[in-house]
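A.B. asks: Right, I'll just put the structure down here and ask away after.
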Amino acid sequence: MRIVLAPDSFKGTVEASVVAEVWAEGWLRGRPGDEVVSVPLADGGEGTLDAVARAVPGAVRVPVGPVPGPDGRPVDGAWLRLPDGTGVVELAAVSGLPLMAAPDPTGAHTAGLGTVAGAALRAGVSALVVAVGGSASTDGGTGALAALGARFHDHDGRELPYGGGPLARIAAIDTSRLAAPPPGGVQILTDVTNPLLGPTGAAAVFGPQKGATPADVAALDAGLARLAALLGGNPTAPGAGAAGGTAYGLAAAWNASIVPGALRVAELAGLPDALVGADLVITGEGRFDATSAQGKVVGTVLDLAHRGAGVPVALIAGSIAAPLPPGVPAATDLTTLSGSPTEARTNPTHWLREAATHLAREFRPASAT
Numbered sequence: 001m002r003i004v005l006a007p008d009s010f011k012g013t014v015e016a017s018v019v020a021e022v023w024a025e026g027w028l029r030g031r032p033g034d035e036v037v038s039v040p041l042a043d044g045g046e047g048t049l050d051a052v053a054r055a056v057p058g059a060v061r062v063p064v065g066p067v068p069g070p071d072g073r074p075v076d077g078a079w080l081r082l083p084d085g086t087g088v089v090e091l092a093a094v095s096g097l098p099l100m101a102a103p104d105p106t107g108a109h110t111a112g113l114g115t116v117a118g119a120a121l122r123a124g125v126s127a128l129v130v131a132v133g134g135s136a137s138t139d140g141g142t143g144a145l146a147a148l149g150a151r152f153h154d155h156d157g158r159e160l161p162y163g164g165g166p167l168a169r170i171a172a173i174d175t176s177r178l179a180a181p182p183p184g185g186v187q188i189l190t191d192v193t194n195p196l197l198g199p200t201g202a203a204a205v206f207g208p209q210k211g212a213t214p215a216d217v218a219a220l221d222a223g224l225a226r227l228a229a230l231l232g233g234n235p236t237a238p239g240a241g242a243a244g245g246t247a248y249g250l251a252a253a254w255n256a257s258i259v260p261g262a263l264r265v266a267e268l269a270g271l272p273d274a275l276v277g278a279d280l281v282i283t284g285e286g287r288f289d290a291t292s293a294q295g296k297v298v299g300t301v302l303d304l305a306h307r308g309a310g311v312p313v314a315l316i317a318g319s320i321a322a323p324l325p326p327g328v329p330a331a332t333d334l335t336t337l338s339g340s341p342t343e344a345r346t347n348p349t350h351w352l353r354e355a356a357t358h359l360a361r362e363f364r365p366a367s368a369t
C-alpha cells in the first residue's frame, strides 16, 4: 500500500516532522513492504516554518536576530525564502506564548514578528505569508506594525508602549512610514475564524489562555475597539481575531488576505499531489476534539483526502475526545495505548511509533475486506 503521513505537531511535545518520522518507522515495522510518504503539516501556528521548509525543495531559512520576544527579552528569529521569491514568517517562533517568562496579558506584544517581516521585506520578497497562530499577546498586531514603521499615539501625542493594555489610550495612528507590502501581497494564515471584538473575539476567547482576568478581557476588548475605529478595515472578518487581533491589524494596514492556515500549508507542502494513488492517510494531533475538524490540520486532511480524493483517513491522537467523523475507519490514541496520560506524555515518540505499528497490523484496505 501507499501510505501518506500528514500529522500536525503534538503541541508542546513532539514536532510534526518528528511525528511523521516515528510513524514511518512504526508503520514499516508492521508492514515493511509498503511505500510511506511523509508530509508533516501545521495550521499557521507553531511549526509552520518547519513544515514549509521541509516540504518545499529549495526553501532557504534566513536567520534574523536577535529580535524582541513577546515580553521584550531577545529571541532568535528567522524567515523562509521560497524559490518563487515568497517569504514566510511565523509569529509563534518569535512572539509565541511559550516564549514568555511569565504571563503578561496586557503587556505582551508582537514586535518580534514585525522585525522578522521587515527583514524579509528588505530582502525583496515578492510576496509574504504570515503564520499568526500561537501568540502571547492581544495587541491587535500593533507591535508588529510599530516595528514596521507605524506609530500609535495617545491624546497628548506620546507614542504608546507595546502591548494590548495601552490601546485603551490610543488616539491617533500614523502609517506614513509603514513599510509597504510586497508586490504580490500578504497572506495571513490562521487556524480560527473568530472576529476581532465581542464575546467570540480575540480578548474574550483567547485572552484567558494568556493570563487575562475578566477585567483584563474587558479592557483589552475596549482597546481593540478603539484601534479598529481608527485603523479601519473589517474587524468582523472571519479570522480577524486570530493571534490577539494580529490578523486584523495586518489585514487593515496592509490590505492582507486572511486564509485558512492548514489548507495553505497543505498546498505548499504538496499534500494534494501526495494523495494521488494513496491507499491511506494518517493524520493526528495532541488532542482530537470537536474543534479538530474546524480549520485545523486534521479537518483539512480529512477534507482533502476523504472528501476530495476518496482516500480513507486514520487518526492517531494523544487523546480522543469526540466521535470520529465519516471517512475515518481506524483510530488509536496514545493515552489508551500506553495506559495513562502521564506515560503517553513522558514517552511520546515511543507510543507514537507503537500506535503506527498497531494501525499497520490492524488496518485493511476496503478492497481486502
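Numbered according to our numbering, the sequence shown terminates at residue 369, and the numbering increases by one at each position without gaps.
Just so it is clear, CB atoms sit at the ideal spot from N, CA and C, and this is done for glycine as well.
Only a predicted model underlies this, so the values are computations on that prediction, with no experimental measurement involved.
Nearest CA to the CA of residue 284: which residue from 78, 229, 333, 214?
C.D. replies: Closest option to residue 284, Cα to Cα, is 333.
A.B. asks: Should residue 73 be labelled buried (16 or more other beta-carbon atoms within 10 Å of its own) or exposed?
C.D. replies: Under this definition residue 73 is an exposed residue.
A.B. asks: In the DSSP assignment, what are the bridge partners of residue 90?
C.D. replies: DSSP output for residue 90 lists 131 as bridge partner(s).
A.B. asks: Along the chain, where does the alpha helix (DSSP H) containing residue 272 start, and where does it finish?
C.D. replies: Residue 272 -> alpha helix (DSSP H) spans 271 to 274.
A.B. asks: Check each candidate in 275, 364, 124 and name the one with the smallest Cα separation from residue 36.
C.D. replies: When only C-alpha atoms are compared, the closest one is 275.
A.B. asks: Which residues bound the beta strand (DSSP E) around residue 38?
C.D. replies: Where residue 38 is concerned, the enclosing beta strand (DSSP E) stretches over 35 to 38.
A.B. asks: Are the beta-carbon atoms of residue 132 and residue 178 separated by less than 8 Å?
C.D. replies: Contact flag unset, no.
A.B. asks: Near residue 183, which residues of its chain fall below 8 Å by C-beta distance, leaving aside the five closest residues on each side in sequence?
C.D. replies: The residues are 126, 127.
A.B. asks: Given a threshold of 16 other Cβ atoms within 10 Å of its Cβ, counted over all protein chains shown, does residue 354 qualify as buried or as exposed?
C.D. replies: When all chains shown are included, residue 354 counts as buried.
A.B. asks: Quickly, what does DSSP pair residue 61 with across the bridge? List them, please.
C.D. replies: Residue 61 pairs with 80.
A.B. asks: DSSP three-state label for residue 405, please.
C.D. replies: Limits of the chain in this structure are 1 at one end and 369 at the other, which puts residue 405 out of reach.
A.B. asks: Alpha carbon to alpha carbon, how far is residue 58 from residue 215?
C.D. replies: Cα to Cα, the separation comes out at about 48 Å.
A.B. asks: Which residue's Cα is closest to the Cα of residue 260: 24, 156, 187?
C.D. replies: Here the closest residue by C-alpha is 187.
A.B. asks: When we look at the beta-carbon of residue 68 and count the other beta-carbons within 10 Å, is it buried (16 or more) or exposed?
C.D. replies: By the 10 Å Cβ count, residue 68 comes out buried.
A.B. asks: So, is residue 102 buried or exposed, given that buried needs 16 or more other C-beta atoms within 10 angstroms?
C.D. replies: Classification for residue 102: exposed.
A.B. asks: Excluding the 5 residues flanking residue 17 on each side, which residues of the same chain have their C-beta closer than 7 Å to its C-beta?
C.D. replies: If we look at residue 17 and ignore the five residues flanking it on each side, its Cβ neighbours are 40, 50, 54.
A.B. asks: Using a Cβ-Cβ cutoff of less than 6 Å, which residues in the same chain neighbour residue 2 once the five nearest sequence positions on both sides are dropped?
C.D. replies: So the list reads 35, 277, 278, 279, once near-sequence residues are dropped.
A.B. asks: Take residue 46 as the anchor and find which of 250, 62, 281, 191 has the nearest alpha-carbon.
C.D. replies: The candidate whose alpha carbon is nearest that of residue 46 is 191.
A.B. asks: With DSSP collapsed to three states, give me the class of residue 125.
C.D. replies: In the structure shown, residue 125 sits in coil (DSSP, three-state: anything other than H, G, I, E or B).
A.B. asks: Which first and last residues belong to the alpha helix (DSSP H) in which residue 172 is found?
C.D. replies: Here residue 172 belongs to no alpha helix (DSSP H); instead the beta strand (DSSP E) covers 172 to 174.
A.B. asks: With a threshold of 8 Å, are at least 3 pairs of Cβ atoms found where one atom belongs to the stretch 81 to 98 and the other to the stretch 110 to 127?
C.D. replies: They touch, by the three-pair rule.
A.B. asks: Indicate the three-state DSSP secondary structure (helix, strand or coil) for residue 19 in the structure shown.
C.D. replies: Here residue 19 sits in helix by DSSP.
A.B. asks: Applying the 10 Å Cβ sphere with the 16-neighbour rule, what's the burial state of residue 21?
C.D. replies: Looking at its Cβ environment, which holds 16 or more other Cβ atoms inside 10 Å, residue 21 is buried.
A.B. asks: Taking the alpha-carbon of residue 321 as reference, which of 64, 70, 289 has the nearest alpha-carbon?
C.D. replies: Among 64, 70, 289, the Cα nearest to that of residue 321 is on 289.
A.B. asks: Buried or exposed for residue 78, going by 16 or more other Cβ atoms inside 10 Å?
C.D. replies: Label assigned to residue 78: buried.
A.B. asks: Could you say which of 123, 258, 29, 147 lies nearest to residue 174 if we only look at CA atoms?
C.D. replies: Selected option, being the one with the closest Cα: 147.
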